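Here is the structure we will look at, set down as structure tokens.
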Amino acid sequence: MSVGGCGQPSVLEETLLTRLQEPGWTYGGFHGDDKDDYINSFTQGSLQERMDAVERLHTRLPAWGSEHTRERHSDWVSAVYDGAKIVLEQELARDPDAVYQQATHADLKVRRAVLEVLGATASKGDERAISCCHAQLRKFPDEVFESLAQLTHPGDPRTIEAVGCVLDTYSTWSNWRLHLDESGKLGRRLPEIAQKDDENLVRTVCKRLEHRENDAREAAAAALKIIASKDAEHVVQEICKRLNHKRAEVREVALRALGQMALPNNLQAVDGARRLLEDKSRKLVRPTAESTLALLEGRNRPRR
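In terms of numbering that gives the first Met the number 0, the sequence shown is numbered consecutively and its last residue is 303.
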């Protein structure tokens, strides 16, 4: 059981702290022989004892020392985290049970390190690794999604569920645009986790068009362009379901999603947009209905 930072510092903890103060360390981590010495310091004690030392160092380092060295000590935290991942990766080959036990460690950084190591190291389709990662989905949606995307086969419902959980995290001033870029964590992985137009993934993403947070709704609309084909029937149907939603902001984003996903003269899309020309929301929904209808009727071609 983790000691949670209580009690006297262990020999390992003090050894790691000494290594961090050696000249071989620079901003960003260790280099050359000094890195090997640092990692070798992690060989003392059981894996549990080593991860407990990591936990205590994560607590001590940011507040340790004088004010002008705080930035360096924050970098030391990263060095400790990277060292923990290397140790976990090595141990996974020798004693996987010990690594899986750390998935419930008291220190969240240790748990996150386990998730990242499993995603990068475990075999594709490894059910134990997949289940271990999925169990932490609510606590670490981003890390779990990344790991599941690497571990599961296309169409796995657990990875699709993780997509929804990542979308749920987006709120004001989030980086959803960056994440949905083709090199972003979502944009890069979405084409890999399911076939184009996968019905489960489409439903999961369209459900987020109803989210309370504007950024989550916008991210869902943008994700549709990655996961679905233009004018796919079930995609248009899922979007049109949201045109009757009680909240105006949901109807508005659904209209814009309809304009981007339906081809001109799609009868279901045209009828849906036309109905909202008389929507009770004069300022938000009606103008969007007008512009979407013009687009769907071919009167207003989008700029390339």
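Even glycine gets a Cβ: it sits at the ideal position worked out from N, Cα and C.
All figures in this text were calculated on a predicted structure; none of them were measured in a lab.
Query	Result
Cβ shell of lysine 253 (< 6 angstroms), same chain only, five flanking positions each side left out	Note that residue 253 is alanine in the sequence shown here, rather than lysine. Answer for alanine 253: Leu208, Ile238, Arg241, Leu242, listed in chain order.
Own chain partners of alanine 112 with C-beta closer than 7 angstroms, once the 5 adjacent residues on each side are dropped	Tyr80, Ala83, Lys84, Leu87
Cβ shell of leucine 177 (< 7 angstroms), same chain only, five flanking positions each side left out	Gly183
Proximity to aspartate 196 [Cα-Cα], best of Ser45, Glu232, Arg211	Glu232
For histidine 133, the three-state DSSP class (helix, strand or coil)	helix
Expected contact under 8 angstroms - CB spacing of aspartate 180 and valine 165 to nearest Å	Not really, about 14 angstroms apart at Cβ, beyond 8 angstroms.
Any beta strand (DSSP E) of 3 or more consecutive residues that is wholly inside the stretch 163 to 229	none
Cβ neighbours of threonine 287 in the same chain (closer than 7 angstroms, five flanking residues each side left out)	Glu251, Leu254, Arg255
Classification of leucine 107 by the beta-carbon crowding that lies within 10 angstroms, buried from 16 upward	exposed
Alpha-carbon spacing of arginine 202 relative to glutamate 48, whole angstroms	45 angstroms
Of the residues Pro95, Trp75, Lys138, Ala121, the one placed nearest alanine 105, counting alpha carbons only	Lys138
Complete alpha helix (DSSP H) runs within the stretch 88 to 142 (minimum length 4 residues, chain order)	95 to 100, 107 to 120, 126 to 133
Start-to-end residues for the alpha helix (DSSP H) that takes in arginine 273	266 to 274
Selected residue, minimal CA-CA separation from leucine 294, among Lys279, Asp270, Glu277	Asp270
Glycine 82 in three-state terms, based on DSSP	helix
Which listed residue (Leu91, Ala215, Gln267, Gly186) has its alpha carbon closest to that of glutamate 248	Ala215
Rounded straight-line distance, which links the Cα of glutamate 145 to that of valine 53	23 angstroms
Other residues of its chain near alanine 148: CB distance less than 7 angstroms, five sequence neighbours each side excluded	Thr158, Arg188, Glu191, Ile192
Which of helix, strand or coil DSSP assigns to histidine 244	coil
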